[in-house]
Structure formats: C-alpha cells, structure tokens
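Chains E and A are the protein sequences, given in the same order.
Okay, so the first sequence: first residue is 190 according to our numbering, each after it adds one.
Okay, so the second sequence: first residue is 190 according to our numbering, each after it adds one.
Virtual Cβ for every residue (Gly too), placed ideally from N, Cα, C.
Notes follow once the structure below has been shown.
There are 2 protein chains.
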Amino acid sequence: MPGNALERMREQLNAQDYKFTPQRSMVLQVLTEHPDEHLSADEIYARVKVKYPDIGMATIYRTLDLLTNLNIVNKVNFGDGKSRFEISQKERHQHHHLICLSCNEIIEVKDDLLIQLEKTITKEHDFEIIDHMVQFYGHCKKCSEKDNKTKNKPQ
Amino acid sequence: MPGNALERMREQLNAQDYKFTPQRSMVLQVLTEHPDEHLSADEIYARVKVKYPDIGMATIYRTLDLLTNLNIVNKVNFGDGKSRFEISQKERHQHHHLICLSCNEIIEVKDDLLIQLEKTITKEHDFEIIDHMVQFYGHCKKCSEKDNKTKNKPQ
DNA sequence: TTTCATGCAAAGGTTTTGCATACGC
DNA sequence: GCGTATGCAAAACCTTTGCATGAAA
C-alpha cells in the first residue's frame, strides 16, 4: 500500500492545522520509495531536487523533523556523523540492523524476538516502550571469510 | 578493578607502536571514573582540563577515536547531535538504554536477555556479533503519570 | 485574508585537519 | 634522534534559525 503513508500524512497534517505542501509530499514519497535504505537528509535532498529543483535544505530538515514527530518517519543513527531517515517501523515490520565493522554494510533483520524483552522491561521499570533501536556490530559473512584467509595464509 | 583498563591500554598502545601519553591516560581515567554516565567529548574535555589545563579539544577527539578503535571505549549516540562515550561493554556488564521521549532521561538496564536473539541472528545470517547497541524509546514512570494528568497536549 | 511554509543566507554546534612544536620511546 | 602526539586555529560538516516572500486553507 504505497499511498497509505501519504494519505495518513495528509490527515494528520489537516488535523493539526499544518499544511499539505508539495515539498512535504515529495519528501515522504522519496522515503516510501526507498523503504530499505537509510537515507541522510542530504540524500533525500538530492532525490527531491530532481523533481522539485527549487526546494531548499532547510525545508528538508523541517519536514523530516515534522514527519518524525508525527511518527511517520524514524530517525536513526549509525554513528557516521549524520542522521538517517526511514519510513516508521509502524508502517513496516519491526527490524534490526547488523552493521559490519569491516565493510560497513548494513544488513536488515526482520524479527520480533524482542517482544519478550520489551515485556520484561515494561514490567520491571514501569517504562512504557513506544519504539526501539537495535543494532548489532560484528563481521558479515564475506568479511569473516576474508579475515580467515588473511590470517591463515598471509598474502 | 579500576587500574585494569589503564594497564590494558598501555599494553595495547605499546604493542602497536603508539605512545602512552599523560593526555591519553587522563581521558581514559575520566571514563573509568564515570562508568554509568555517557559523557560527550565536551564533558570529557572539561573534566580532563581540571587536572591538565593545557589539553586541547583535538586531542580529546583523537584519543577517543583511538580508544574506540582499540575497543576500550564505546561510542554511542542518543540522537542529541553529539557522540557520547563510555567504557566498553567488555569491561562491564551488557546494558541497554531506556530513553524517555518526554524528559530525555536515560535509564540503564543491565540484562542479558539478548543472548538468545544474538544466537538466532548468528545462525541465520552468518553474522559474527561482537557488540550491540539497544535503545528503547518511550515514557518513563514519572512522565507517564504526568501525561495522564495533562492529556491532549502534544509536546 | 490569515496563517503557516518556504528559500536563502547566516549562524550554531560538533568534529576533523594542517602545521609547527613538543615529547615518548 | 626518530617518529608520533599535541595544541592551536582554521576548516569542514551537519543542522538550525531569522527573515522576507510565497502559498495553502
């Protein structure tokens, strides 16, 4: 359901006296078209600019901020010095990220095993969980293999 | 063992032809003295400056980078625009963070429930996990109670 | 028409870099 | 003494903000 998020945004904007502008629409469109990438503000800017050359960077940031507050978009951070954005978990499955420390590849894992952990935490800490971010750091298959070769037989 | 990380750093530095300088020593010392806070570069700078007034910000960053690469220190990010640093998980228990979306309080949870999830991921994705970062976003007890009284007001 | 949104440029904040000097080994 | 580390200042980034203009409702 591609138009879903767009329609949802229009309703939420109207309900709170915000305006539904072409710029806001296009930012969301870019995000829905790339559900499995983790675009930075800069990358979103470049993609929107193709169809709407007059857009400014400030609008990108203000829109991403708005969409994040509306819980339509998630802001994530992989420690590379910039924020990245993706359609909210609620629009998709829960997922975690595997980040390879050798090649920096980001692998997505769809999984709901965290639900049990969330229940425990909610109970023990009186903490109402709305969202989570889970990242595993390590070595992906390719890099592990490469590493083993380099270790056993030096080039 | 408080001197543990310091000794480990000295050895690792020597082994790789890096030098053991007072600046590096003091940065690590500050981090071991505050194991449960999540200090930013700026905060570490201020604390080191008390005992070593001539230190420069660049040295702080270069040292934190080095310690992170040596896996002595962990770089974490709570989305507040700056990186934060803490003694590596290996020196302590595994822990997760609960981040309150209302008051921004960061609560630590020590827990090893993630081990099962890690095993599953390792098996299914051939991904060798070295470390993880887990953050739960939601509302803490205090804010949940406050919210119920003040409903209908976003932000 | 009223109010909010936009684009631009400038400012703010964090982190990195170049370079001459100082220091650990 | 050699090669790295440091401090300083400037630069490089990413992100936010002020303000006049423009557009949605």
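Taking a Cβ-Cβ threshold of 9 Å, none of the residues of chain E is close to K238 (chain A); the smallest such distance is about 25 Å. Secondary structure at E317 (chain E): strand, using DSSP grouped into helix, strand and coil.
The beta carbon of K271 (chain A) lies closer than 8 Å to those of S229, A230, D231 in the same chain, with the five residues before and after it left out. If you keep only unbroken beta strand (DSSP E) runs of at least 3 residues inside the stretch 206-282 of chain A, you get 262-266, 272-276. In the DSSP assignment, E196 (chain E) falls within the unbroken alpha helix (DSSP H) covering 193-204.
Residue environment analysis places A194 (chain A) among the buried positions, since at least 16 neighbouring C-beta atoms fall within 10 angstroms of its C-beta. The beta carbon of N260 (chain E) sits closer than 6 Å to those of S277, all from its chain and outside the five residues before and after it, given in chain order.
From the listed residues E:D269, E:E275, E:M246, the smallest Cα separation to T257 (chain E) is found for E:E275. Among the CB atoms of chain A, none fall inside 8 Å of the CB of G245 (chain E). Remark: C-beta atoms of H227 (chain E) and R273 (chain E) approach each other more closely than 8 Å. Cβ neighbours of V323 (chain E) within its own chain (closer than 6 Å, five residues either side excluded): H285. For the pair Y207 (chain E) and A247 (chain E), the Cα-to-Cα distance works out to about 17 Å.
At a cut-off of 8 Å, the C-beta of L287 (chain E) has a neighbouring C-beta in chain A.
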